[in-house]
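In our numbering, each residue carries its 1-based index in the sequence shown increased by 21.
Think of the CB as a built atom: it goes at the ideal place given N, C-alpha and C, for glycine as much as any other residue.
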Amino acid sequence: MSQLLEVTDLVKYFPVREVQGLRMTNVNVQAVDGVSFSLDTGQTLGLVGESGCGKSTTSRLLTRLLEPTSGSIVFEGTDLAQLPEPRLRPFRRDLQMIFQDPYSSLNPRHTVGTILSTPLRVHGLAKGREKQRVEELLELVGLNPEHINRYPNEFSGGQRQRIGIARALAVEPKLIVADEPVSALDVSIQAQVMNLLGNLRQELGIAFIFIAHDLGVVRHFCDRVAVMYLGKIVEMGDKEDIYNAPQHPYTQALLSAAPDINVVRGIPPKERIRLVGDVPSPVNPPSGCRFRTRCWKAQEICATQEPPLEPKLDSGSEQVIACHFPEIKQDLIADVANSDGLSSGGLGVSTQPEDPRLSAR
Ligand SMILES: Nc1ncnc2c1ncn2[C@@H]1O[C@H](COP(=O)(O)OP(=O)(O)OP(=O)(O)O)[C@@H](O)[C@H]1O
Ligand code: SF4
Ligand SMILES: [Mg+2]
């Protein structure tokens with residue numbers, strides 16, 4: 022497989038004003054701080070992590086809906102990070118986004134026909150046969166082509182998300198960035214939309230950056246997984262390595278906190294790691310390892326030296342971990358992939374204020 026995307030040291034700071042003492046001060050929200058990864062043609066990378074860790078900001082940087090503060094986004098050999106808009110336009114076709122909210126992402130005043138034919142016109146595609154192409158797209162995502170003149174409010178949430186998918190597919194992209202594409206949908210509909218995305222991915226060979234709170238969905242859909250914490254990737258690798266042999270304490274906590282599919286299936290709960298305390302502010306993140314204020318393994322070096330994201334234990338895999346004391350923990354999660362891939366619930370990390378910081382049972 023050839024390399025499609027290489028992201029290096031991607032940074033996004035949002036300047037904001039904050040009350041400090043009695044004064045308003047200019048500070049930076051360090052939403053994404055030094056994210057690096059690569060993606061091959063047709064490959065799927067899942068981005069997971071607690072709310073506010075920078076997943077959506079990363080996805081908006083990749084599609085240049087946001088300007089990066091620094092870093093590079095090399096797509097098929099061209100760095101898109103600092104490219105001015107006119108030179109960016111041809112790449113907009115290759116990189117598409119599917120949004121979380123199917124209600125706000127479609128213009129309510131446009132018919133489905135207009136919504137789907139606009140990108141065709143902008144990119145000069147299917148000239149003279151736009152209507153036919155729109156009907157093909159509707160069929161491709163499982164909608165009735167006869168509904169081409171309907172407005173978004175005449176469709177259900179799941180159907181609207183299918184329209185969003187069709188809009189992304191209209192321009193035949195090489196990469197789709199999907200930010201929680203099913204989390205706003207009913208559980209029964211989630212499975213249908215995920216199956217649609219999986220089939221399209223296989224048929225069309227499109228690469229995906231896939232953001233989801235649900236670890237089951239990510240395992241079901243992705244080849245590789247990157248775990249984010251407070252603006253940084255803390256562990257990344259092949260999904261089987263991440264799920265079966267996580268080495269970073271934060272990944273281990275996320276996996277062990279995935280709701281009790283084990284219990285549902287009558288399997289006794291395995292080791293349960295309970296993370297406590299809130300995620301620190303991205304305005305003033307902890308020195309050294311950003312996870313250290315919640316990590317039960319933290320030592321002095323963790324406060325003074327930032328652990329680089331690199332391979333640690335000789336597993337023969339491409340797993341990289343940003344931790345001074347990585348250690349494989351197995352069997353933290355049941356066989357989520359063999360379920361319907363959608364039943365493990367969210368990344369529900371407990372933040373109960375109790376002491377000691379961690380409890381295992
Ligand atoms: N425009 C903005 N201005 C200031 N801060 C922002 C802005 N957009 C995002 N942030 C902050 O950046 C951080 C990362 O936000 P982001 O939306 O990327 O997180 P996320 O991982 O997608 O979270 P969620 O799982 O809740 O969607 C958060 O602290 C958020 O409050
Ligand atoms: S570097 Fe230290 S604080 Fe950070 S995850 Fe590893 S052990 Fe914990
Ligand atoms: Mg988000």
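When the options are compared against residue i, the one with the closest alpha-carbon
i: residue 25; options: 95, 278, 240; result: 95
i: residue 347; options: 80, 334, 262, 122; result: 334
i: residue 201; options: 190, 192, 194, 182; result: 182
i: residue 296; options: 279, 304, 224, 307; result: 279
i: residue 353; options: 36, 132, 269, 91; result: 269
i: residue 66; options: 294, 307, 196; result: 196
i: residue 266; options: 203, 341, 215; result: 341
i: residue 298; options: 309, 305, 313; result: 313
i: residue 62; options: 345, 274, 226, 239; result: 226
i: residue 344; options: 263, 256, 351; result: 256
i: residue 318; options: 305, 294, 152; result: 294
i: residue 277; options: 305, 237, 258, 245; result: 237
beta-carbon residue i near ligand 1 non-hydrogen atom, thresh 7 Å
i: residue 72; result: yes
i: residue 40; result: no
i: residue 35; result: yes
i: residue 52; result: yes
i: residue 306; result: no
i: residue 303; result: yes
Check: residue i C-beta below 7 Å from any heavy atom of ligand 3
i: residue 200; result: yes
i: residue 253; result: no
i: residue 76; result: yes
Contacts around residue i, its chain only, beta-carbon distance under 8 Å, and the 5 residues preceding and following it disregarded
i: residue 359; result: Note that residue 359 scores a pLDDT of 43, beneath 50, so its modelled location is shaky; the value from the coordinates is reported in the next line. Answer for residue 359: no residue qualifies.
i: residue 52; result: 33, 34, 35, 75, 78, 252, 303
i: residue 186; result: 119, 162, 202, 214, 217, 218, 221
Residue i: CB within 7 Å of a non-hydrogen atom of ligand 2
i: residue 319; result: yes
i: residue 14; result: Any property of residue 14 remains undetermined from this structure, which presents the chain solely from 22 to 382.
i: residue 387; result: Past the edges of the chain, shown from 22 to 382, lies residue 387, and the structure says nothing about it.
i: residue 295; result: no
Same chain, Cβ closer than 7 Å to residue i, neighbours up to 5 away in sequence not counted
i: residue 219; result: 242
i: residue 90; result: 32, 33, 34
i: residue 102; result: 89, 92, 93, 94
i: residue 29; result: 57, 92, 93
Element boundaries [alpha helix (DSSP H), containing residue i]
i: residue 265; result: 260 to 265
i: residue 277; result: 270 to 278
6 Å CB neighbourhood of residue i in its chain, flanking five on each side removed
i: residue 286; result: With a pLDDT of only 49 at residue 286, under 50, the local geometry of the prediction cannot be trusted, and no value is derived from it.
Continuous alpha helix (DSSP H) assignments of at least 4 residues falling wholly in the region 172 to 257: 178 to 190, 208 to 225, 236 to 242
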